[in-house]
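K.L.:
Chains as they are written, first to last, in the working numbering: chain A, 1 to 221; chain B, 222 to 442.
There are 2 protein chains.
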Amino acid sequence: MTTFDALLPPTPTDGKRTGRIRQKNEELILSAAAEEFAHHGYKGTSMNAIALRAGLPKANLHYYFTNKLGLYVEVMRHILELWDSAFDHLTVEDDPAVALADYIRTKMAFSRKQPQASKIFAMEVISGCECLSAHFDEDYREWFRGRAAVLQAWSDAGKMDPIDPMHLIFLIWSSTQHYADFSDQIRRITGQRRVTKDDFERGTETLIQVILKGCGLTPPR
Amino acid sequence: MTTFDALLPPTPTDGKRTGRIRQKNEELILSAAAEEFAHHGYKGTSMNAIALRAGLPKANLHYYFTNKLGLYVEVMRHILELWDSAFDHLTVEDDPAVALADYIRTKMAFSRKQPQASKIFAMEVISGCECLSAHFDEDYREWFRGRAAVLQAWSDAGKMDPIDPMHLIFLIWSSTQHYADFSDQIRRITGQRRVTKDDFERGTETLIQVILKGCGLTPPR
DNA sequence: GTCTATACTGCGATAGAC
DNA sequence: GTCTATCGCAGTATAGAC
Chain A
1 MTTFDALLPP TPTDGKRTGR IRQKNEELIL SAAAEEFAHH GYKGTSMNAI ALRAGLPKAN
61 LHYYFTNKLG LYVEVMRHIL ELWDSAFDHL TVEDDPAVAL ADYIRTKMAF SRKQPQASKI
121 FAMEVISGCE CLSAHFDEDY REWFRGRAAV LQAWSDAGKM DPIDPMHLIF LIWSSTQHYA
181 DFSDQIRRIT GQRRVTKDDF ERGTETLIQV ILKGCGLTPP R
Chain B
222 MTTFDALLPP TPTDGKRTGR IRQKNEELIL SAAAEEFAHH GYKGTSMNAI ALRAGLPKAN
282 LHYYFTNKLG LYVEVMRHIL ELWDSAFDHL TVEDDPAVAL ADYIRTKMAF SRKQPQASKI
342 FAMEVISGCE CLSAHFDEDY REWFRGRAAV LQAWSDAGKM DPIDPMHLIF LIWSSTQHYA
402 DFSDQIRRIT GQRRVTKDDF ERGTETLIQV ILKGCGLTPP R
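1. Pick helix, strand or coil for A/E35, following the three-state DSSP scheme.
2. B/L282 and B/R368 - do their beta-carbons sit closer together than 8 Å?
3. Checking contacts by CB at 8 Å: is A/I163 closer than that to chain B?
4. Would you mind telling me which residues of chain B sit closer than 7 Å to A/D184, beta carbon to beta carbon, in chain order?
5. Check whether the stretch 354-372 of chain B and the stretch 133-153 of chain A are in contact - that is, three or more C-beta pairs closer than 8 Å.
6. Is it true that the CB of A/I126 sits closer than 8 Å to the CB of B/L297?
7. Quick one: does the C-beta of B/Y400 sit closer than 7 Å to a heavy atom of the ligand ZN?
8. Going by other Cβ atoms of all chains shown within 10 Å of its Cβ, with 16 needed for buried, is B/K245 buried or exposed?
9. Secondary structure at A/D156, three-state DSSP: helix, strand or coil?
10. Is there a Cβ of chain B sitting closer than 8 Å to that of A/S85, yes or no?
11. Could you compute how far the alpha carbon of A/G15 sits from the alpha carbon of A/N48?
12. Apart from the five residues just before and just after A/I208, which ones in its own chain have a Cβ nearer than 7 Å to its Cβ?
13. Could you tell me whether the Cβ of B/Q337 comes closer than 8 Å to any Cβ of chain A?
14. Near B/A254, which residues of its chain fall below 7 Å by C-beta distance, leaving aside the five closest residues on each side in sequence?
15. If contact is defined by three or more beta carbon pairs under 8 Å, each pair taking one atom from either stretch, is the stretch 421-437 of chain B in contact with the stretch 173-187 of chain A?
16. A/K113: which of A/A97, A/L82, A/P96 and A/L132 sits nearest, CA to CA?
17. Could you tell me if B/E422 is buried or exposed, where buried requires 16 or more neighbouring beta carbons within 10 angstroms of its beta carbon?
18. Does the beta carbon of A/K113 come closer than 8 Å to any beta carbon on chain B?
19. Out of curiosity, what's the CA-to-CA distance linking A/A6 and B/A275?
20. Going by DSSP, what residue range makes up the alpha helix (DSSP H) through A/T206?
21. Which residues in chain B have a C-beta closer than 8 Å to the C-beta of A/D181? List them in chain order.
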């Protein structure tokens, strides 16, 4: 695997490359690929399997995407667009209890509605971020420090207990993503066919209850 | 992939199969395999790579282990032995604050010292528990209900806040395992070469602080 | 018990007809 | 723009000499 940016398409809004058949097929392939990558990982997924799921002949994938890696990178790019956006709007002026509860709720909704995205991201990070190395650059660290600074400011202002903001963010990330990434374990522990809407709701409320009180905050409402 | 138990060796304490060369080589192969599986997943790992890391010719692996899958299953078996043991000794008589703090500490120590084990387990669960399906059987569900019942009893006795025990266990599992599974993300966010002992200590203390207080408990000492 | 040499399979990728 | 046929390679597994 090589790095990330080198493999992006020329530009997403390239005039010539937006025929309606093309657009439809690309979306079809991307969603089939996401499904397969989530279930079998990068190496475990074959172009054949993606083609079958998309209902297209194998060679078509190579027409729309240069490589297997190029296709994977494109899938990752879509995921990352969604990924960080939910955390962007936090500001020092917000009420910490409301803001943190909202963030937990958003992350849990994401785990419920986009579990493949979470799984692909998780597998990529676990196996060493080879494709993501370019994403975790100085800009990203800067962005993260900005988010952490908001939590730190809340602590400093006495709005919540003094808590290491980095580790608090990790706590929220891990506990919410768990419901997507480990859904199979949860499913088997509960003996259900799949993780239910009810599981997600009780999980969300439990996380809000424990984490907010743990930060010295009173859950809103 | 097939199920689990069918592929276990005849018996672990088979008299004939414990020559000292054999035992040494098997351990060598198992630890090399664990390293490779953690970095590249099941499909992404080649027998060749394991052989190279173990410093043995490729064909030797097939002498000691029937299959690539057989080798993988054996690695998983070793992991599972460690995995659940730390949670076995919880009893209703324990002081919840001490017991939960201990458990968090134990899980974090495990993440620090056996990160590959955590990663292999995580990837296996994320990609559908194909090898573990036999492990998550009725006995396992029974074991889990027993652990959850202890937490429930503490709530019922008023020793801690009423909290859904299942989701509390998930919270502890996910937040502690995160430091092994997502170490690469943490490393890149902090801009360090690797996750330090200090990161683990601050992480452990933050988790104990937030989770215990979140359960209405006062951290011991 | 150890290792070389090889058979066999499945995958990624491309050429080229339509 | 679509699809069939095929090449070349990497990877698992085994046969059989030592």
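Glycine included, each C-beta is placed from N, C-alpha and C at the ideal position.
P.N.:
So, from the data block:
1. helix
2. no
3. yes
4. V346, G349 and C350
5. no
6. Before going on, a small fix: residue 297 of chain B reads as Met here, not Leu. Going by C-beta atoms, B/M297 is not nearer than 8 Å to A/I126.
7. In the structure on display, the ligand ZN does not appear, and there are no ligands present to speak of.
8. exposed
9. helix
10. no
11. At A/G15, the pLDDT of 43 sits below 50, so the modelled position is not reliable and the matter cannot be decided from this model.
12. A101, I104 and P219
13. no
14. I271, L292 and V296
15. no
16. A/L82
17. exposed
18. no
19. Its pLDDT being 38, under 50, A/A6 is placed unreliably by the model, and the measurement read from it follows with that caveat. Their Cα atoms are separated by approximately 35 Å.
20. K197 to G214
21. A343, V346 and I347
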